[in-house]
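K.L.:
Got a structure for you, questions after.
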Amino acid sequence: MSRHRPTFKPSRLTQSVLAALLVMPFAAAHAQTSPESLGTVQAGAQGGNGQTAAEREKAKQESAPHQAPTQGSLKAGQPQSIINQHYIENTQAATANYSDIISIAPSVVDIEPNGPGLGNSKGLSIRGFQDGQYNLTWDGIPVGDSNDFTHHSAEYFMPQDIGQIIVDRGPGNASTVGYATFGGTISLLTKEPLDKPQTTLYGSFGSFGTALLGAEFDTGVMKNYGDMRAFIDYRQLKSDGYLSGASTQRKNLFIKAEKPVGDNSLLTFVSMVNRNSGGNAAIVGATSAPYVSVSKYPYTSTLPGQIQKFGPNYGLSSNPLSQAYTGYNYDDFQTDFEYLGLKTSVGDVQIDNKLYTYAYYHSGWNGLDPNGGGCDYGQVNCLNPDGTFPAGADTPNGTINGANNIPGQHMYLNYRNWGDLLRMHQTFGPGTLHYGLWLNYQTYHRYNSEIDFSDNQAWNASGTYPNGISKAVDRLINGTFTTAQPYIQYDWNLTSQLQLRGGLKYAWFQRHDNAPVEQKSKQPLDYTQTWSKVLPAVELHYAIAPNWSAYAQVAKGYLAPNENLFYIPNPQTGASAVEPEQTTNYQVGTTWRSKALTLSGDLYNIDFTNLVQSRTVAGQKYFYNAGGVKYRGAEMEATYYIGSGISLYGNAAYNQAKQDSDGLQLAGVPKTTGAAGVIYNRGAWYASLIAKYIGSNYGDIGVDGNGNPAGIYQIPSSTILNAAVNYTVQDASFLPHGTKIGLQLFNLTNNTKINSLAGYTGGNVPLFYTNAGRSFMVNFSVPFQ
């Protein structure tokens, strides 16, 4: 079967700046750099406290803040977990995504069925808020999908370019902007260029046929170019993946450059280009006993499922007669992200502005109902040679009219964003005044059609199914989504230790669909809808001591409306009457930080209102606000430095998320999560053994034998144990100084339990994901200075 793969073209901003940056490797050779002039200290030189650089590094290394996998902030006004570059480099797979990295944090649950970083996360949640209900920002810039504000963890940044990730568990203050401040913010910060020229070659090899090779070039500070510094990082990844038929091929380029302008300004340019393709994104889960029957009480069956028959790593089939054939379930992603930032001051006003663009181009092919059907577990279509079905067999996989039909779908989702993020602040009276504006304009194009993989054609040239029941084009949507969020906030210093932070954010967003074929309604639509809301936030922050702080927060969160409000013949009957889903957050917490101990804890109470639901009256669907959810919980995290390079780490969380309508815990939300581990970091050695625990939960909400609402498909609790050992060459000899060799072991106990509900087949049979099995990775990096 032939496929059309769109040619990737970097944005014009990337092309122009990349051309200039390519000369840097040659310019660096002539740059007149001076370590002393850059404020660095040569090894062996004495610092102001009489310590050498090596002694200061040792003191820093042997401390709780340096070794902590996660730690709270002394300055934040809401619960926050900071994950530093040291933890990322020493414990995470070279293939890891941000979702893998933050999975260690309190109240975070991540589903990675294909192995570390070898596909998009299938269920990343914070306190039970699912993807699409929380923010993701890159260097402060909010990002999100065009239709439901979800994210794609495997399509953008890789761990080699991440300097820090902060997980905010709350809507933030007035200056926190984004599509979904509703459930929190994942803030990804790119790492800084080095001050000295260096070329680093690195790679990783391990389980599932995984291989990654990359190189990073740092220019160092270039005196001949106005003290500019930059780095270029490129890598390629190939892997078969843990799941059958889930291979991936990935290429990723990252560029960052910083240049001082005058005495008080800094220009920053960032560009990321990514290409990812393979069967990984099409994995839809597998059936499992005792849940292979349709969802009807008591939800059990004696028939074994695909997981029992083919193993926990079953994903797609190798049989071209099946809709689940890996060749028919294929995705191609092309993404880029660029911004030009300026930090400067005008009088007393400090300015931070980022002009940006980012894009996502996704073409995909899939069987109409992979892993579904009632014959041979979805492996083949089960037709007799004459094209008839065997006696008593279900119509498998949705196949209709003929022995040679292999029904499938082709889709694309393409969008590009243009925006600007302006932040300003200045001293004003007894405090600091913050104000700014986020603007974003997005254009998107969505398409889905029915095809036949047996001849790679649409069902009929006329655009109909063989029996004429429906058009072959399921959706063809061209649209725009515009967002504007101005904010103002004042941080009032009540005393030298007590600060009151209060402000307002005005959220305005407008969606316009110009659709020849709107999804579900299948009718043409040209419609625009606008929403707006004023969102207040108040924080009280108390610096009890230099290393101890406490806070209290009351803030509103919101969730911009999903495009599905337009998927009805007359969207004005529903969308105009629907308020965006909102939260009111009440949180208190405290953070302590010393050389021996980092400790933070918090309590939260969140009221989620305006739950969007729909009803059908006389064949017409109406959307409305109804009900909500009560979130209550407690969280803590701590690292204790014992001595001799050894630290103990732990976190724990209790997350209650009960529906107002029936008092049931939300599906897919465990009430308890936790982590525990031991870390050794001294001199050349780093080693860790860390376990993450996810409590039991229910895959979905159904009814019991009496017809009452009840949790169904119980997901068992799981503990995943990971280990890492790394050695860094201290004195150059056979290998250059700073050469690093490491071994990482994931899921040491080979826990392959079911960990989540993946969805349903066309016949309403549940599908599940399992934990990826045991794996290892051998890593190396070699710097040349």
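Heads up: the sequence shown is residues 0 to 784, going by numbering that gives the first Met the number 0. No residue lacks a Cβ here, since even glycine has one placed at the ideal position from N, Cα and C. Since the model is a prediction, treat every value here as computed from it, not as a measurement.
Around the C-beta of residue 768, are 16 or more other C-beta atoms found within 10 angstroms, so that it is buried, or is it exposed?
P.N.:
When all chains shown are included, residue 768 counts as buried.
K.L.:
Is residue 671 near residue 697, with beta carbons less than 8 Å apart?
P.N.:
Against a cut-off of 8 Å, the Cβ pair of residue 697 and residue 671 comes out as no contact.
K.L.:
Kindly provide the ranges of any alpha helix (DSSP H) runs that are 4 or more residues long and lie completely inside the stretch 295-335, ordered along the chain.
P.N.:
305-309, all fully within the stretch 295-335.
K.L.:
What ranges does the beta strand (DSSP E) occupy inside the stretch 499-544, keeping only unbroken runs of at least 3 residues that lie completely in it?
P.N.:
For the stretch 499-544, whole beta strand (DSSP E) runs of length 3 or above, ordered along the chain, are 524-544.
K.L.:
Alpha carbon to alpha carbon, how far is residue 335 from residue 782? Give it in angstroms, no decimals.
P.N.:
Each residue's alpha carbon lies about 27 Å from the other.
K.L.:
Buried or exposed, going by whether 16 or more other CB atoms sit within 10 Å of the CB of residue 816?
P.N.:
Lying outside 0 to 784, the shown extent of the chain, residue 816 is not represented and no answer is given.
K.L.:
Along the beta strand (DSSP E) that carries residue 88, what are the first and last residues, could you check?
P.N.:
Careful: residue 88 lies outside any beta strand (DSSP E), inside the alpha helix (DSSP H) at 84-90.
K.L.:
Could you give the distance in angstroms between the alpha-carbon of residue 328 and the alpha-carbon of residue 364?
P.N.:
Spanning the two alpha carbons is a distance of roughly 5 Å.
K.L.:
With DSSP as the reference, identify every bridge partner of residue 414, one or two as the case may be.
P.N.:
Answer is 359, 443.
K.L.:
I need the straight-line Cα distance from residue 343 to residue 173, nearest angstrom please.
P.N.:
When rounded, the distance between both Cα atoms is 22 Å.
K.L.:
Ends of the beta strand (DSSP E) at residue 658?
P.N.:
Taken as a continuous stretch (DSSP letters only), the beta strand (DSSP E) holding residue 658 covers 645-658.
K.L.:
Does residue 729 pass the burial test, meaning 16 or more other C-beta atoms within 10 Å, or should it be called exposed?
P.N.:
Exposed: under 16 other Cβ atoms inside 10 Å.
K.L.:
Leaving out five residues on either side along the sequence, give the residues of the same chain with a beta carbon under 6 Å from the beta carbon of residue 98.
P.N.:
109, 120, 123, 152.
K.L.:
Short of 8 Å in beta carbon distance, which residues of its chain neighbour residue 147, apart from the five on each side in sequence? Order them along the chain.
P.N.:
For residue 147, where only same-chain residues beyond five positions count, the Cβ hits under 8 Å are 131, 561, 562, 563.
K.L.:
What residues in its chain sit with their C-beta under 6 Å from that of residue 537, if we drop five residues either side in the sequence?
P.N.:
For residue 537, where only same-chain residues beyond five positions count, the Cβ hits under 6 Å are 501, 553.
K.L.:
Buried or exposed: residue 401, going by 16 or more other Cβ atoms within 10 Å of its Cβ?
P.N.:
In this prediction, residue 401 scores a pLDDT of 45, lower than 50, which makes its location untrustworthy; the coordinate-derived value is nonetheless stated afterwards. Residue 401 is exposed by the Cβ-count criterion.
K.L.:
Of all the options 593, 691, 713, 776, which has the alpha carbon lying nearest to the alpha carbon of residue 742?
P.N.:
It is 776.
K.L.:
Secondary structure at residue 290, three-state DSSP: helix, strand or coil?
P.N.:
Coil at residue 290, not helix or strand.
K.L.:
Skipping 5 residues on each side, what residues in its chain have a beta carbon closer than 7 Å to that of residue 83?
P.N.:
Contacts found: 163.
K.L.:
Under 7 Å: does the beta carbon of residue 485 sit that close to some heavy atom of the ligand MN?
P.N.:
For the ligand MN, the structure offers nothing, since it holds no ligand at all.
K.L.:
Between which two residues does the beta strand (DSSP E) holding residue 98 run?
P.N.:
Premise fails: residue 98 lies in the alpha helix (DSSP H), 97-101, not in any beta strand (DSSP E).
K.L.:
Going by DSSP, which residues form a beta bridge with residue 215?
P.N.:
BP columns for residue 215 point to 199, 232.
K.L.:
Beta-carbon within less than 6 Å of residue 419's beta-carbon, same chain only, minus the 5 sequence neighbours each way: which residues are those?
P.N.:
Within the same chain, residue 419 has close Cβ partners 354, 438.
K.L.:
Quick one: what's residue 779 bridged to in DSSP?
P.N.:
In the DSSP output, where bridge partners are listed per residue, residue 779 has 202, 740.
K.L.:
Which of helix, strand or coil does DSSP assign to residue 452?
P.N.:
Coil, per DSSP.
K.L.:
Using 8 Å as the threshold, is the C-beta distance between residue 118 and residue 209 below it?
P.N.:
No. Outside cutoff.
K.L.:
Per DSSP, residue 340 forms a beta bridge with which residues?
P.N.:
Answer is 267, 353, bridged to residue 340.
K.L.:
For my contact list, residue 169 and residue 586 are in at a C-beta cut-off of 8 Å; report their separation, rounded to the angstrom.
P.N.:
The Cβ separation is near 6 Å, so the contact holds.
K.L.:
Are residue 70 and residue 687 close, meaning C-beta to C-beta below 8 Å?
P.N.:
Result no, Cβ atoms of residue 70 and residue 687 do not sit closer than 8 Å.
K.L.:
Among 77, 102, 514, which one has its Cα closest to the Cα of residue 86?
P.N.:
Looking at the Cα atoms, 102 is the closest of the given residues.
K.L.:
For residue 156, count neighbouring Cβ atoms within 10 angstroms of its own Cβ and tell me buried if that reaches 16, exposed if not.
P.N.:
Buried, since its Cβ has 16 or more Cβ neighbours within 10 Å.
K.L.:
Taking 8 Å as the threshold, find out whether the stretch 138-145 comes into contact with the stretch 88-95 through three or more Cβ pairs.
P.N.:
Touching, no.
K.L.:
Taking only the alpha-carbon atoms, compute the straight-line gap between residue 460 and residue 473 and give it to the nearest angstrom.
P.N.:
In this prediction, residue 460 scores a pLDDT of 41, lower than 50, which makes its location untrustworthy; no coordinate-derived value is stated.
K.L.:
Is the beta carbon of residue 765 closer than 8 Å to that of residue 712?
P.N.:
Contact flag set, yes.
K.L.:
Could you check whether residue 719 and residue 691 sit closer than 8 Å to each other, using their CB atoms as the reference points?
P.N.:
The answer is yes: Cβ separation under 8 Å.
K.L.:
Based on DSSP bridge pairs, tell me the residues matched to residue 631.
P.N.:
Note: residue 631 sits in a beta bridge opposite 604, 655.
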